[in-house]
DNA sequence: TTTGTGATGTTATCTCATAACACTCCGCCT
DNA sequence: AGGCGGAGTGTTATGAGATAACATCACAAA
Ligand SMILES: [Zn+2]
Ligand SMILES: [Zn+2]
Ligand SMILES: [Zn+2]
Ligand SMILES: [Zn+2]
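Residue numbers (UniProt numbering), protein chains in the order written: chain A, 1 to 161; chain B, 1 to 161.
Below you can see the structure in the form of structure tokens.
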């Protein structure tokens with residue numbers, strides 16, 4: 001993450017064990033749904049989980065090979081597209097980055113609180129059913145997907161300079 | 001706009017007279033604020049107003065010269081950045097496009113209902129004070145700007161195939 | 001007129017994302 | 001076993017979106 005300030009007070013990226021566990025859970029669920037958790041998909045999800053914050057696609061591409069070899073862009077973009085479709089990852093449009101889903105659900109709408117200072121990002125339940133949904137109803141629109149992202153400062157960065 | 005279907009039931013782009021009027025109003029307001037409505041800014045705003053729907057940056061670049069000559073990218077991106085800063089235009093992150101503000105206000109948060117079928121886009125008052133604001137408060141985030149975009153089908157496209 | 005600031009012109013480059021096509025893997029039918 | 005057929009990958013190339021850097025210009029204040 002490009003830091004506007006010096007703080008690095010994330011919850012801390014999950015440890016290897018936690019990543020492993022989340023990965024297993026995702027694989028189990030996908031298999032049950034008749035989908036395949038292939039090597040590329042698993043690797044990209046592992047990178048997202050390990051990062052614990054939004055990651056740029058080309059950073060994933062650079063880190064893809066365990067040996068330091070980068071991947072070809074389509075390899076990663078295909079995996080991202082799949083993970084997003086399955087609700088295991090989300091694209092943050094306002095910063096063109098990707099993040100592992102932290103709400104565990106299947107395909108679902110999500111909203112994000114993004115700290116422009118330290119990069120910390122929180123996924124919160126999407127308020128589609130609320131204000132936006134009412135506005136859409138009033139206008140006669142049938143909503144199919146949403147992009148809801150709020151930028152600002154996280155609690156820690158509000159205090160520090 | 002890339003049409004998934006054949007419908008073209010926008011409110012219709014505003015006529016030349018309306019564009020001229022909106023342009024004048026914007027110029028007057030900017031002058032009063034000590035800002036300059038330069039040729040490039042005026043031209044880009046005119047193109048956005050005339051389109052009446054989101055336009056890609058490189059379409060603006062292509063249409064920039066009245067004589068058909070394209071502009072250089074920085075010319076248009078600088079104008080867009082200015083217009084956005086002044087609340088006269090908005091960037092729609094989910095489709096990487098730009099649209100003239102239809103709520104007349106100064107710098108302000110906005111939300112959009114976007115029809116994936118015909119491209120019609122409505123700007124609605126941003127629900128920052130609502131659900132999202134509450135989520136941010138609960139998490140301790142101080143919001144500075146938002147990206148709120150809902151994709152789906154407009155009333156007309158819900159009926160037609 | 002001088003001088004400083006904001007705006008623009010111009011070139012080059014960077015980042016983000018996808019098209020297209022050949023090939024492989026794997027389950028399934030015969 | 002043999003032969004589909006569809007999903008997934010590898011690879012090359014290119015399209016689309018955005019900005020860095022620096023020279024120059026316009027304009028109003030001093
Ligand atoms: Zn999620
Ligand atoms: Zn922070
Ligand atoms: Zn607006
Ligand atoms: Zn429509």
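Glycine included, C-beta positions come from ideal geometry on N, C-alpha and C.
Beta-carbon spacing of residue i, residue j below 8 Å
i	j	result
residue 149 of chain B	residue 147 of chain A	yes
residue 152 of chain A	residue 144 of chain B	yes
residue 57 of chain B	residue 98 of chain B	yes
residue 122 of chain A	residue 110 of chain B	no
residue 83 of chain B	residue 49 of chain B	no
residue 60 of chain B	residue 47 of chain B	yes
residue 113 of chain B	residue 101 of chain B	no
residue 79 of chain A	residue 29 of chain A	no
residue 94 of chain A	residue 93 of chain B	yes
residue 162 of chain B	residue 130 of chain A	There is simply no residue 162 of chain B to check, as chain B begins at 1 and stops at 161 in what is shown.
Under 8 Å by beta carbon: chain B residues contacting residue i
i	result
residue 152 of chain A	136, 141, 142, 143, 144 and 145
residue 94 of chain A	93 and 147
Cβ-based burial, residue i [other Cβ within 10 Å; buried from 16]
i	result
residue 119 of chain A	buried
residue 107 of chain A	exposed
residue 116 of chain A	buried
residue 51 of chain A	buried
residue 2 of chain B	Residue placement at residue 2 of chain B cannot be trusted, given a pLDDT of 42 that sits under 50; what the coordinates show is reported in the next sentence. The residue is exposed, with fewer than 16 neighbouring Cβ atoms inside 10 Å.
residue 86 of chain B	buried
residue 158 of chain A	exposed
residue 43 of chain A	buried
residue 26 of chain A	buried
residue 155 of chain A	exposed
residue 63 of chain B	buried
Interface partners of residue i on chain A, CB under 7 Å
i	result
residue 14 of chain B	None at all; the shortest Cβ gap to chain A is about 19 Å.
residue 122 of chain B	139
Chain B contact residues for residue i, given Cβ-Cβ distances below 7 Å
i	result
residue 148 of chain A	132 and 148
Ligand 3 heavy atom lying under 7 Å from the CB of residue i
i	result
residue 103 of chain B	yes
residue 53 of chain B	no
residue 110 of chain B	yes
residue 123 of chain B	yes
Within chain A, partners of residue i - CB distance below 9 Å
i	result
residue 155 of chain B	139, 140, 141 and 142
Under 9 Å by beta carbon: chain B residues contacting residue i
i	result
residue 158 of chain A	140, 141 and 142
Ligand 1 heavy atom lying under 7 Å from the CB of residue i
i	result
residue 15 of chain B	no
residue 151 of chain A	no
Contact test: residue i Cβ vs ligand 4 heavy atom, cutoff 7 Å
i	result
residue 145 of chain A	no
Chain-ordered neighbours of residue i on chain A, where CB pairs are closer than 8 Å
i	result
residue 113 of chain B	135, 136, 139, 141 and 143
Near ligand 2: residue i beta-carbon under 7 Å from a heavy atom
i	result
residue 156 of chain A	yes
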